[in-house]
Structures are given as C-alpha cells and as structure tokens.
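Remarks on the structure that follows.
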Amino acid sequence: MEDQRTHEQGAPAPGAETRSLGAVLSAARLSAGMTVEQLSALTRIREAIIHAFERDEFSQCGGDFYERGHIKALSRALGLDPEAMVHLYDELHGGEPPAVRMASVFRTDRRLRAAERRSPNWSMALGVALSLVVVFGIVRVMGGAGGTREAGVEQIPAVPSLPAPGVHQRAKPVPPRTGASARPTVAANQVVVQVKAKRSSYVNVADAEGRKLFAGMMEAGMTSTWRAPNRVDLEVSDATAVSVQVNGKKVGKLGSRGQTVRRSFGPPAPPAR
C-alpha cells in the first residue's frame, strides 16, 4: 500500500492520486463550489476532520465506524455514491472491520445462580394498589361534594333590555367592507424571495440580522420560498443554476456559469402617489 502512494523521495506515485479518497472528496467539493466551512455547516462535521480527510488522514474520528459514517455523510452532500466511497476506503485501509461475535457480547455460558433469582416483590405491589384505592376514594368524595354545591345554583337567563315606550330607535347603518379591508394586511417591509434550482447548487439564505434561513444543496427541480423583514441575503455557488423571484418579480441573470454570487434584496418600493 505504501509503495502505491509514494516514490522513493516521498512524491505521490503514478496513479495514486486517482485512488486517493481525500483527492476524490476535495475534487468533488471544489466542483460543487463549496468551501470547507460550507461543507462543515451542511454535514455538521468539524472543519478539522474534513481537512484531515482530504489529506487521507482518518485517525481523528476515533475508529472505523465513525470514519465510515463521516465518509457517507460527505459523499451524500457532494453528490457522490456513499457505498462506492466506503468501498474505496476499505480497499485503501485494509478492508471492513471484523464482525462482532454475539457470544463475546452476551455470555450465554454464564449460569444464573440461585441467589440471583429474585421473586416478585408482592409487598410493594400491594402497597401501590392500596395507595391507588385511597387516592381514588378521595377524588370521588371531593367530586361528589362539588357536584352537590353546583346543583343548588340556579341559572337565571339574562333579560334583554327593552326600549322605553314611545321611544323609537333607529338602526345604525353598517358600512360595507371594501375589498382592500377584507384582504389580510401584509407588512410593507416584508421581503419574499423564491429560488428554483435548474441544476444542483449550494444555496445560503439569511435575513437582515444575519440569522440563517437556509444553508444546503438544492437539487434540480426544487423550489423554495423565504420571507424576512427589511432584507434577504442570498448566496449561490453557481449563478446560472437557479432562477430567482423577489416579491413576485423575476430577477435577471445573477452571473456566469460556476460563479459564486452574493445578492441582497429589500422590500418593494412604495407606489407613487
């Protein structure tokens, strides 16, 4: 294995780069236009571990089980085949870990001693049952007393007030509701951003306070809408992979193919009076 990775002077051996798991992960991340920080936020894997994986260093995870889990998570986030990447890891690092024998976990040969065979604690069960009976009786007694008191209360219906004789009251006209008042009010400073993915792209959305509304990969065909007051900040790893609408109006071309762009959108301008 060491002969495939290094020359005599420590340089990469011919063909080793194509079989390097770290090189595959690094190339896929760069192809997706993502930084290590963005990939860490998407997968919840620490940046130090991602850097180590791209250098083919897998000793920081604490074992093969965690290494395989991180490899699968990174592969899914970068659009790679998780099983194929784990298979490549097994080929480069000595194969799958040995299976755990059930006999080593559960000692079936150990006999239960007579002292360990404990009989049911009937005294405790009887005490719990008596406690439940006492509580139930108290609740019934208190509930019956409350019902007796309530039965003595007579409900007197309210008598509607009548106008004095000879006094004629006119009904006040109720103005009809206009269409504008019937519609729910929308805040004037509200910003609505809709993003539709034509190709897979990393998208990061935040409000004016810097709170993240979304951060992750949008696959082709996905459409998402976000609302926030005052401003919405949008970051896209591929400017031509998505189409954007702001407050119902389509936004023009964001940039060139593969270009990472950042745009901020505010509320619509008030109509001229």
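Under the UniProt record's numbering, the first residue of the sequence shown is numbered 1, with each subsequent residue one higher.
Backbone N, C-alpha and C define an ideal beta-carbon position, used for all residues, glycine too.
Just so we're clear, the structure is a prediction, and the values are computed from it rather than from any experiment.
Near residue i, which residues of its chain fall below 8 Å by C-beta distance, leaving aside the five closest residues on each side in sequence?
| i | result |
| --- | --- |
| K253 | A239 and T240 |
| N189 | P229, N230 and P267 |
For residue i, which residues from the same chain have a beta carbon less than 6 Å from its beta carbon, with the 5 sequence-adjacent residues on both sides left out?
| i | result |
| --- | --- |
| Q259 | A239 |
| R257 | T240 |
| F58 | E67 |
| L80 | A28 |
| E91 | none |
| N204 | A215 and E235 |
By Cβ distance, which residues of its chain are closer than 7 Å to residue i, with the 5 residues on each side in sequence left out?
| i | result |
| --- | --- |
| R46 | S40 |
| A220 | A197, K198, R199 and S200 |
Would you mind working out which of the options sits nearest residue i, comparing C-alpha positions?
| i | options | result |
| --- | --- | --- |
| L234 | M124, A269, A125 and K196 | K196 |
| K250 | V192, M34 and S31 | V192 |
| F265 | V232, L42 and M218 | V232 |
| L74 | D64, F65, H93 and F53 | F53 |
| V246 | A125, R140, A77 and P267 | P267 |
| A32 | A77, K212 and R263 | A77 |
| H93 | S123, L213, L21 and Q194 | L21 |
Using the C-alpha atoms, what's the distance from residue j back to residue i?
| i | j | result |
| --- | --- | --- |
| T43 | S26 | 15 Å |
| residue 275 | V36 | Here the chain covers residues 1 to 273 and nothing more, so residue 275 does not appear. |
| G255 | G62 | 43 Å |
| G69 | M34 | 20 Å |
| I138 | L130 | 13 Å |
| V174 | R263 | Here V174 scores only 46 on pLDDT, less than 50, and its place in the model should not be relied on; the value that follows carries that caveat. C-alpha separation (whole angstroms): 49 Å. |
Length at least 3, wholly inside the UniProt region "Disordered" (249-273): the beta strand (DSSP E) runs in chain order: 261-265
Just to confirm the assignment: which complete alpha helix (DSSP H) runs, minimum length 4, are found wholly within the segment 55-94? 64-77 and 82-92
Are the segment 212-231 and the segment 83-93 in contact at 8 Å, needing three or more beta carbon pairs? Output reads no: the segment 83-93 does not touch the segment 212-231.
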